[in-house]
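**Q**
What follows is the structure in structure tokens.
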């Protein structure tokens, strides 16, 4: 018994010694007070309070060697902004907290932030509104993602599905309004427009919400981005279903504030949101988080025994990590300063509660550490930079069945992807509203009778094949027909969605005449009077400044229509086979060849002698008679025979070519335009016509035409009448119009008119829509389909099958006019042959009379003597040398020539070159010329 008592005493002493030593080695603990402001009766408030309480316990269990400890003081803001501010003042004034966790909402934080700035106490809140800036409010720390950070993943989803229009729906309040300017700017970067902003007031009745939804339903846009809290979402999406807007073709995208709180909605609310897409911050499912969730449920049930346990969301997890961040910052401040002053410096005479609070002595040091902090937390990488939590990865979910399904992720580095490590920019299959798996187009034409697509059409007095609008006088119903209308209807039929439309003629109020030009019609489209314009509207660059055009559905270009001339009926067509230069060259060579032959034959051939008039006639006769090979004159000189042989060959080629060309002209129709280009018409000051309301008038004025010479016409019949009259009789010499009209006009009047000049390029006919209309892309695609498959049938229906004009089969055929260039070689040969023969003759002639050339006579006397000798005829006997024919050359005894001959006292002879080859002549012929000794006084 004594032994046992002894052992017990020893154990007590040892225990006391160990405890004493442990206390002696433990550093003194500094307790710092923190405030926590929450909406205690809300699920988020209860969840956050549980997480904060657990975080404080978990932190100091992990860091039991810390010299500081934070003690929370909870206040209920009761979902009231003023109450939140009052709670903050109470905590700062009476408790002297070194930091405040909360409040929860942006509106409450907007009040409390100013208090924190004045007291230099950090306000750590999950408020996400971008209107509360961490840069402007140094003591405000955002422990959640700024709501603008979710815009990038939302915008990337919209861009991925190529939606060009959205409607932004937001709940009125600091939280909702804060995102409005940012979403418009973010959407604009991808070429998408926010077509409408719809604000939902928290106090709005169900009827008001329903009416607002019906208004949205009448619009084209079918992509809606919804930024509302869970309470409003429950009411809002029920009305969306009631109005039939949760059906196929609609797209609903919800922001993080709703996506992250889906678990707080009941089954009916989730069913009303089937097919909705949402984004939320991605929290990795670590083992630590899974274990914490289990403990959290137990703790939540203990603290709130009468409440149903909800799902832990990111706001609770961020609240947990925010406590860790604050505790670490407090410890750093405690360790870095020698003496921690937790008091507030206050004014002596405080005029208000705010003045009574004073300023925290350690607030500036504490906020400096918290504003730039990073650690591995329960949410993953918990990184606060510049006073707010930095975003990392977002999760993209699709609300299906009882909950959500992950369809992809978004990260700043890779953008959207199916999985976190996937490099492919794609998403998993999405189930859209109406249980549809077909990608919505993002817009749709309303199909209610009150909201038909208003399609403006031009009113035309003529050209009814293209478009014709008439009003039934009894029913007042507008009937629009024509090629352009049928094409438009065919295009609409190719669209993957159906919508109703009505044609509205562009006419004056009395409906009797057009209300303006095509430009005026398009201007009315741009200001919203029409939803589209269909008709023969030409795509022009200046028009594209204020409307959008589809792809063209007709051929493009502008050209001239002019009368045609059948040149076979011309009295001078026989002149056309040879061009003018060739006629002149041929005539010159005929004369030249005849002259050469006359020179070569004159002294030896009686047929080339006689009176001067006869000899000139012989020159022309002999030359031109070779055209038909009718020359009968016997040639004596071999030189002339050589010349004629060559020339006859040239004539043969020339006449054969002439005959062939003329035959072609007379047998093949030669239809030529009266004018070949527009400059010719402009220079001559001729009048030009154009179609009423067309841009062609401006085009002609830009070309330099006098506006007074331009005349407007409205039917093909007026075209015909004006061209028949011509400019001289009050009509026009040409009409400028677009190719589609020209094709139809020439099909009817192909025997009278044709096109001429260059074709001025245009883009063709297209359908017009307001600037930025999403219809343009789909209609353009449908135009291509119609062009490939149905355009021929529509064209044949209105214009008939494409045929050729028999009367114009020979039109514009090359006339076959022969040009001088084609005969230069022949003329060169003929010219060289004749000239060579002529040179040989003169060289021989002068050589035989060289004594005359060296005489002392004057040049004129020598020339006269040579001419006299040249004119001497040599008959057969003279050429045979049997008879000497005296020729009196000069009758002046005193002439130098006479003296020279007398001194020589001799005879001289002229030999004919190539004489041995001439028939009936000796090898050498001599002509003796004796000067008469008679003196003439």
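In our numbering, the protein residues as written are 5 to 941. Note that the Cβ used here is the ideal one computed from N, Cα and C, for glycine as well.
For residue 381, which residues from the same chain have a beta carbon less than 7 Å from its beta carbon, with the 5 sequence-adjacent residues on both sides left out?
**A** If the five residues before and after residue 381 are omitted, its C-beta is found closer than 7 Å to the C-beta atoms of 325, 328, all from its own chain and listed in chain order.
**Q** Please report the straight-line C-alpha distance between residue 362 and residue 405, rounded to a whole angstrom.
**A** 55 Å
**Q** Apply the 10 Å Cβ neighbour rule to residue 905 and answer buried if 16 or more other Cβ atoms are within range, or exposed otherwise.
**A** Caution applies to residue 905, whose pLDDT of 34 falls short of 50 and renders its modelled position unreliable; the value that the coordinates give is listed next. By the 10 Å Cβ count, residue 905 comes out buried.
**Q** Could you please give me the residues that DSSP links to residue 964 through a beta bridge?
**A** Any property of residue 964 remains undetermined from this structure, which presents the chain solely from 5 to 941.
**Q** Return yes when the Cβ of residue 167 is within less than 9 Å of the Cβ of residue 446, no when it is not.
**A** yes
**Q** At the level of alpha carbons, what is the spacing between residue 771 and residue 491?
**A** Residue 771 and residue 491: Cα-Cα distance of roughly 10 Å.
**Q** Any heavy atom of the ligand MG within a distance shorter than 8 Å of the CB on residue 382?
**A** Summarising the ligand content, the structure contains no ligands, and the ligand MG is consequently not present.
**Q** Would you mind giving the Cβ-Cβ distance between residue 41 and residue 91, rounded to the nearest angstrom? I have them listed as a contact below 8 Å.
**A** 5 Å
**Q** Between residue 517 and residue 473, what straight-line distance do the alpha-carbon atoms span, to the nearest angstrom?
**A** Going by the C-alpha atoms only, they are around 11 Å apart.
**Q** How is the beta strand (DSSP E) around residue 694 delimited, first residue to last?
**A** 692 to 695
**Q** Suppose contacts are defined by Cβ-Cβ distances below 9 Å. Is residue 106 in contact with residue 182 by that definition?
**A** no
**Q** Measure the C-alpha to C-alpha separation of residue 109 and residue 93 and round it to an integer number of angstroms.
**A** Each residue's CA atom was taken as its position, placing residue 109 and residue 93 some 17 Å apart.
**Q** Extract the residue ranges of the alpha helix (DSSP H) inside the region 72 to 112, only unbroken runs of 4 or more that lie entirely within it.
**A** 85 to 94
**Q** Quick check: what's the CA-CA separation for residue 555 versus residue 791?
**A** The alpha-carbon atoms of residue 555 and residue 791 are separated by roughly 10 Å.
**Q** Rounded C-beta distance between residue 508 and residue 534? I'm assuming under 8 Å.
**A** Going by Cβ atoms, the distance from residue 508 to residue 534 rounds to 7 Å, so yes, they are a contact pair.
**Q** Work out the CA separation of residue 834 and residue 651 for me, nearest whole Å.
**A** 6 Å
**Q** Where does the unbroken beta strand (DSSP E) through residue 185 begin, and where does it stop?
**A** Note, residue 185: premise wrong, no beta strand (DSSP E); alpha helix (DSSP H) at 184 to 192.
**Q** From 222, 205, 211, pick the residue whose C-alpha is nearest to that of residue 199; which is it?
**A** 222
**Q** Along the chain, where does the alpha helix (DSSP H) that runs through residue 271 open and close?
**A** Membership of residue 271 in the alpha helix (DSSP H) is indicated by the continuous run 271 to 275.
**Q** I'd like to check one pair, residue 459 with residue 757: are the Cβ atoms closer than 9 Å?
**A** no
**Q** With a threshold of 16 other CB atoms inside 10 Å of the CB of residue 231, please say whether the residue is buried or exposed.
**A** buried
**Q** Pull up the distance between the alpha-carbon of residue 421 and that of residue 522, whole angstroms please.
**A** 48 Å
**Q** What did DSSP end up calling residue 541 once you bin it into helix, strand or coil?
**A** coil
**Q** Please state whether DSSP places residue 303 in a helix, a strand or coil.
**A** helix
**Q** For residue 313, which residues of its own chain have a beta-carbon under 8 Å away from its beta-carbon, when the five flanking residues on both sides are left out?
**A** If you ignore the 5 residues before and after residue 313, its C-beta comes within less than 8 Å of the C-beta of 301, 304, 305, all in its own chain and listed in chain order.
**Q** Would you kindly report the start and end of the unbroken alpha helix (DSSP H) that includes residue 527?
**A** 522 to 530
**Q** How is residue 167 classed by DSSP in three states: helix, strand or coil?
**A** Here residue 167 sits in coil by DSSP.
**Q** What's the C-alpha gap between residue 594 and residue 615?
**A** Each residue's alpha carbon lies about 22 Å from the other.
**Q** State the Cα-Cα distance for the pair residue 254 and residue 180, rounded to the nearest angstrom.
**A** 22 Å
**Q** Using CA atoms only, rank isn't needed, just tell me which of 243, 203, 220, 338 is closest to residue 211.
**A** 243
**Q** Starting from the N-terminal side, write out each stretch of the alpha helix (DSSP H) that is 4 residues or longer and does not extend beyond the region 120 to 160.
**A** none
**Q** Are the beta-carbon atoms of residue 104 and residue 125 separated by less than 9 Å?
**A** yes
**Q** Please go through the same chain and pick out, in chain order, the residues whose beta-carbon is closer than 7 Å to the beta-carbon of residue 701, but skip the five residues on each side of it.
**A** 694, 714
**Q** Rounded to whole angstroms, how far is the Cβ of residue 749 from the Cβ of residue 720, which I believe are closer than 8 Å?
**A** 5 Å
**Q** Consult DSSP for residue 645 and reduce its assignment to one of helix, strand or coil.
**A** In the three-state DSSP reduction, residue 645 falls in the helix class (H, G or I).
**Q** Terminal residues of the continuous beta strand (DSSP E) containing residue 508?
**A** 505 to 510
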